[in-house]
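Residue numbers (full-length UniProt numbering): 1 to 390.
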Amino acid sequence: MKKLVVAAVAAILMSGTAYADTIKVGVIGPFSGPFALQGKNFKAGIDAYMALNGNTVGDDTVEVVYRDVPQADPAQSKALAQELVVKEGVQYLAGFYFTPDAMAVTPLLKQANVPMVVMNAATSAIVTKSPLVVRTSFTTWQTSTPLAKVALDKGIKKMISVVSDYGPGIDAENAFKTGFEGLGGTVVETIRMPLATNDFSPIMQRIKDSGAEGVFAFLPSGPTTLGFVKAYNENGLKAAGTPLYGPGDFTQESDLPALGDMALGMQTGFHYSVAHDSPENKVFVEAARKAIGNPAELSFPAVGAYDGMYVIYKMIEATGGEQDAAKAVEAVKGLSWTSPRGPVSIYAESRHITQNIYLREVAKADDGTYYNKEIQTFENQKDPGLAAAK
């Protein structure tokens with residue numbers, strides 16, 4: 001099978017500009033199953049970008065080809081990436097909601113002569129696995145590190161860390177622990193849960209027994225974060241005044257109606273809120289809500305996808321539609337623009353996005369809806385996790 005893939009890829013490369021008139025972008029993400037809403041947000045962000053900017057770059061037409069990985073499945077992700085390169089002739093790979101899926105594809109990029117634009121997966125190490133990876137989302141080091149200062153500024157000296165036991169969760173744990181203890185706090189216990197955990201009552205009891213004054217937690221956004229916040233409330237931790245801090249995965253906008261008052265007042269660190277007040281975000285939100293159909297479903301993966309398409313369009317422009325992954329990536333190193341999330345740039349050394357991280361608090365609007373209100377800005381944040389990833 002490997003020889004067939006290599007031979008087919010070689011045939012594609014020898015064909016030169018065979019795909020130059022229609023440039024295909026292969027997007028891998030969860031478009032069905034428990035995380036289907038995240039894939040739906042990928043598509044909404046892509047559709048919004050193309051609605052606002054057209055589907056052509058110069059003389060070339062851009063076509064997006066989607067492949068579904070319902071939940072983290074590295075083998076399936078790699079197989080679909082091979083299919084997209086060999087059978088569909090894609091010049092760019094993008095999407096990737098889960099870190100293991102992105103990691104599995106990085107070994108293919110050089111031979112396939114295809115860049116990867118990561119629109120969500122949040123482990124710092126992904127960009128170190130291939131020089132052809134560019135990230136337009138965030139990392140959990142980036143969104144977790146500022147929360148250490150937030151907790152200490154509230155007078156909290158003892159925290160417990162609770163994370164899902166996979167790449168981004170371990171990054172989040174290390175980021176918060178490094179920041180919190182570096183500033184003089186103490187993490188009294190660290191708990192790593194299997195990714196499939198859905199009964200959080202035993203975890204809540206361990207939190208109560210730990211003596212911690214506050215909780216730092218990370219789980220992948222979707223059913224898991226919803227279940228964790230419900231358990232935190234139902235087990236009396238919120239009522240007892242034990243604050244819960246975490247990256248914004250916990251309070252993604254699509255979950256806020258279900259969380260309701262349970263999330264009210266919860267503070268999270270994140271790169272984006274649908275409520276971000278800027279002209280660029282208003283234009284994006286209007287287009288993305290139209291694309292997604294149900295405005296209440298719009299959430300953060302959409303902005304990673306929207307900006308991912310901006311970067312891909314710049315790559316296509318720089319290469320004149322030719323298939324040249326190294327040249328495409330080189331062209332966007334140092335690229336700066338105003339995103340719906342605020343000012344951003346691609347840090348040349350890491351190919352990771354530099355951006356503002358916002359402290360947000362769940363608030364209730366006059367119409368009864370809930371939203372993430374930005375209350376503090378940590379400007380121009382690179383990825384603190386890159387040193388740990390090397």
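For glycine and all other residues, C-beta sits at the position ideal for the given N, C-alpha and C.
Tell me which residue opens and which closes the alpha helix (DSSP H) that residue i is part of.
i           : result
residue 210 : 201-210
residue 233 : 223-234
Do you know whose CA, among the options, lies nearest residue i's CA?
i           : options               : result
residue 306 : 294, 280, 359 and 220 : 280
residue 231 : 211, 263 and 213      : 263
residue 34  : 267, 345, 221 and 104 : 221
residue 129 : 110, 143, 140 and 120 : 110
residue 243 : 212, 174, 284 and 88  : 212
residue 368 : 177, 331 and 260      : 260
residue 154 : 22, 323, 180 and 334  : 180
residue 247 : 271, 371, 117 and 226 : 271
residue 355 : 366, 343, 365 and 277 : 343
residue 52  : 291, 36 and 228       : 291
residue 460 : 227, 161, 229 and 233 : Not covered by the structure: residue 460. The range shown for the chain is 1 to 390.
residue 45  : 193, 82, 183 and 286  : 286
What residue range is occupied by the uninterrupted beta strand (DSSP E) comprising residue i?
i           : result
residue 131 : Element bounds for residue 131: n/a, residue is neither H nor E.
residue 83  : Where residue 83 is concerned, there is no enclosing beta strand (DSSP E), although the alpha helix (DSSP H) it sits in stretches over 74-86.
residue 186 : 186-193
residue 364 : 352-364
residue 329 : That residue, residue 329, is in no beta strand (DSSP E); its alpha helix (DSSP H) goes 325-332.
residue 24  : 22-29
Between residue i and the rest of its own chain, which residues show a CB-CB distance below 6 Å, the 5 nearest in sequence each way excluded?
i           : result
residue 289 : 295 and 298
residue 352 : 127, 135 and 383
residue 386 : 124 and 350
residue 120 : 97, 137, 301 and 304
residue 235 : 204
residue 325 : 113, 114, 115 and 132
residue 106 : 129 and 130
residue 167 : 99 and 123
Taking only three categories from DSSP, how would you classify residue i?
i           : result
residue 266 : coil
residue 382 : coil
residue 300 : coil
residue 279 : helix
residue 174 : helix
residue 319 : helix
residue 154 : coil
residue 42  : helix
residue 398 : Not covered by the structure: residue 398. The range shown for the chain is 1 to 390.
residue 119 : coil
residue 165 : coil
residue 244 : strand
residue 58  : coil
residue 252 : coil
Tell me which same chain residues have a C-beta within less than 7 Å of the C-beta of residue i, skipping the five on either side of it?
i           : result
residue 84  : 26, 65, 67, 90 and 93
residue 171 : 123, 124, 139, 140, 141 and 385
residue 308 : 94, 117, 119 and 136
Near residue i, what residues of its chain come up, given a Cβ to Cβ distance below 8 Å and the 5 sequence neighbours on each side ignored?
i           : result
residue 58  : 316, 317, 320 and 321
residue 74  : 100, 101, 103 and 104
residue 185 : 148, 151, 152, 156, 157, 158 and 159
residue 23  : 57, 60, 61, 62, 63, 91, 92, 316 and 321
residue 276 : 340, 341, 342, 358 and 374
Nearest chain B C-beta to residue i closer than 7 Å, yes or no?
i           : result
residue 101 : Considering every chain present, this structure includes no chain B. It has just one protein chain.
The region 372-386 / the region 307-320 touching (three or more Cβ pairs under 8 Å)
Result no; under three Cβ-Cβ pairs closer than 8 Å.
Quick one: any contact between the region 186-198 and the region 243-253, if contact means 3 or more CB pairs under 8 Å?
Verdict: no, contact absent.
Under 8 Å, with one C-beta from each stretch per pair, do the region 260-275 and the region 353-363 reach the 3-pair mark?
Yes: at least three Cβ pairs fall under 8 Å.
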